[in-house]
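This report concerns only the one structure given below.
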Amino acid sequence: MFKARIVGTGSYTPTKVLTNRDFEKLIDTSDEWIITRTGIRERHIAEDGEATSVLAYHASLNALDMAGISASELDMIIVGTVTPDMPTPSVACLLQDKLKAYRASAFDVSAGCTGFLYALSIADSLIRAGNCSKVLVVGAETLSKITDYTDRTTCVLFGDGAGAVVVSKEQGNHGILSTLLYADGSYGKLLYMPGGGSAHPASAETIKKRYHYLKMDGNKVFKTAVKSLEDCVVKILAQNNLAGKDIDLLIAHQANMRIIQAIAKRLDLPEEKVFVNIEKYGNTSSASVPIALDEANRQNKIHKNDLLLMNAFGAGFTWGSALVRW
Numbered sequence: 053m054f055k056a057r058i059v060g061t062g063s064y065t066p067t068k069v070l071t072n073r074d075f076e077k078l079i080d081t082s083d084e085w086i087i088t089r090t091g092i093r094e095r096h097i098a099e100d101g102e103a104t105s106v107l108a109y110h111a112s113l114n115a116l117d118m119a120g121i122s123a124s125e126l127d128m129i130i131v132g133t134v135t136p137d138m139p140t141p142s143v144a145c146l147l148q149d150k151l152k153a154y155r156a157s158a159f160d161v162s163a164g165c166t167g168f169l170y171a172l173s174i175a176d177s178l179i180r181a182g183n184c185s186k187v188l189v190v191g192a193e194t195l196s197k198i199t200d201y202t203d204r205t206t207c208v209l210f211g212d213g214a215g216a217v218v219v220s221k222e223q224g225n226h227g228i229l230s231t232l233l234y235a236d237g238s239y240g241k242l243l244y245m246p247g248g249g250s251a252h253p254a255s256a257e258t259i260k261k262r263y264h265y266l267k268m269d270g271n272k273v274f275k276t277a278v279k280s281l282e283d284c285v286v287k288i289l290a291q292n293n294l295a296g297k298d299i300d301l302l303i304a305h306q307a308n309m310r311i312i313q314a315i316a317k318r319l320d321l322p323e324e325k326v327f328v329n330i331e332k333y334g335n336t337s338s339a340s341v342p343i344a345l346d347e348a349n350r351q352n353k354i355h356k357n358d359l360l361l362m363n364a365f366g367a368g369f370t371w372g373s374a375l376v377r378w
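Per my numbering, the very first residue in the sequence shown carries number 53; after that it's consecutive.
What follows is the structure, encoded as structure tokens:
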């Protein structure tokens, strides 16, 4: 039986780092306040001219190198992002050109912080259907470009980065076992960027109203995220006749330490089975899960036959989970 198996991982973050101490000089906050409420100590910030496709390119090279394949072998490139270089063409098409992967089809997925899992689910379906053999799946963001650094409730949360995986058609029982995706657009305006689209095209007025920055109701997002993710992880395990005790490693969206802890508690997972890197990167949206996956992989925290549970929650609202047998 064929499965879609992750055969290579890669990640990349910009060299510039913005610490909590740096924020103390910019806004009314403190290192202690940020760490206590989020678990974040620092985040990486893209330089001027360092667009999302650039970050995606470096992460993809690392993933392709680990997989031992060339970009010319790819059938498809799927990029999850909410911060494209420009409205069109897609980051995936720009990435295809940078990689010289000209036989690959390419498109973007806009699903907030769940973008990578949405893209991974699509890749899994394409491979299972026999339409693709090798797919590059990327989550890449430059959230600093749309972060309002005068808004103390949001600006400390976000960072930039990219993560990538190569998914290959493989014989056997190892690979993506199941994905589960959800969305509820009625929550849309709890986390959104109002300007720049057809509803509010860029103008002097939209700039004046700061419409081109992320807006978020943090408390409502937090409460909805915890409940939605708890229900989602329980359901995907039940669908596969598994339980929390079967999980070898939880790779959760690194948005807030308290959310990660809530999911781990719901599954009764000990600390050593929960991968955390939020303190170094903050919330990198769709890049969060693949960056964490790559770090865990390169730190030898993932072993053959391990059962991985990945989950994410983001703007839309969107949320989802994926089970992978390594």
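Think of the CB as a built atom: it goes at the ideal place given N, C-alpha and C, for glycine as much as any other residue.
Segment contact flag, the stretch 70-82 with the stretch 158-168, C-beta cutoff 8 Å, min 3 pairs: no
Simplified DSSP assignment, three categories, for ILE121: coil
In terms of residues, what are the limits of the beta strand (DSSP E) holding ALA307? ALA307 -> no beta strand (DSSP E), and no H or E assigned at all.
Grab me the residues of LYS150's own chain with a C-beta within less than 7 Å of its C-beta, minus the 5 sequence neighbours each way, in chain order. SER105, TYR109
Looking at the strands, I want to know which residues DSSP matches up with ASN363. ALA304, SER373
Of the residues ARG93, HIS305, ILE130, LEU301, which one's Cα is nearest the Cα of PRO322? It is LEU301 whose Cα lies nearest to the Cα of PRO322.
When ASN293, GLY215, CYS284, HIS252 are compared against ALA316, the one with the closest alpha-carbon: CYS284
Given this structure, state the Cα-to-Cα distance separating ILE58 from THR231, to the nearest angstrom. 14 Å
Are the stretch 274-291 and the stretch 252-266 touching by the rule of at least three beta carbon pairs closer than 8 Å? no
Starting from the Cα of ASN308, find the closest Cα among PRO66, ARG93, GLU193, PHE75 and give me that residue. ARG93
For GLU108, does the three-state DSSP call read helix, strand or coil? Looking at the sequence itself, residue 108 is Ala, so the reference to Glu does not match. Helix, per DSSP.
Chain-order list of residues whose beta-carbon lies under 8 Å from that of LEU266 (same chain, five-residue window excluded): Result list for LEU266: LEU195, ILE198, THR199, ASP200, THR206, PHE210, LEU243, TYR244, MET245, in chain order.
At least three beta-carbon pairs within less than 8 Å, the stretch 179-191 to the stretch 211-230: With a cut-off of 8 Å on Cβ pairs, the stretch 179-191 is in contact with the stretch 211-230, counting three or more such pairs.
By DSSP's criteria, PHE159 is part of a beta bridge. Which residues make up the other side? ILE130
Fully enclosed by the stretch 227-313, which beta strand (DSSP E) runs are 3 residues long or longer? 227-235, 301-304
Is THR61 helix, strand or coil by DSSP? Strand, per DSSP.
Considering GLY167, what are the terminal residues of the beta strand (DSSP E) in which it resides? Premise fails: GLY167 lies in the alpha helix (DSSP H), 167-180, not in any beta strand (DSSP E).
If we ignore side chains and look at the alpha-carbon of each, how far apart do SER185 and LEU113 end up? 18 Å
Residues in its own chain within less than 6 Å of THR166 by CB, not counting five upstream and five downstream? ALA364, GLY366, THR370, TRP371, GLY372
Among ASN349, GLY368, LYS55, which residue has its Cα nearest to the Cα of ILE179? LYS55
Please say whether ALA175 and ILE130 have beta carbons closer to each other than 7 Å? yes
When burial is assigned at 16 or more other CB atoms within 10 Å of the CB, is ILE48 buried or exposed? Because the chain in this structure spans residues 53 to 378, residue 48 falls outside the shown range and cannot be described.
Continuous beta strand (DSSP E) stretch holding ALA153: start and end: Here ALA153 belongs to no beta strand (DSSP E), and DSSP marks it neither H nor E.
Please report the distance separating the alpha-carbon of LEU169 from that of THR90. 22 Å
Between ARG377 and LEU229, is the Cβ-Cβ spacing less than 7 Å? yes
Per DSSP, which one or two residues make a beta bridge with VAL189? ILE130, VAL217
Between the beta-carbon of SER173 and the beta-carbon of ILE343, is there less than 7 Å? no
Where ASP212 falls: helix, strand or coil (DSSP): strand
Considering only the beta carbon of each residue, do PRO66 and ASP212 sit closer than 7 Å? yes
If distances are taken between C-alpha atoms only, which option among TYR263, TYR239, ARG350, SER238 comes closest to GLY249? TYR263
Beta-carbon gap between LEU281 and GLY296 smaller than 7 Å: no
Select from PRO139, GLY227, TYR154, GLU102 the residue whose C-alpha is nearest the C-alpha of MET53. If we check each option's Cα against that of MET53, GLY227 comes out closest.
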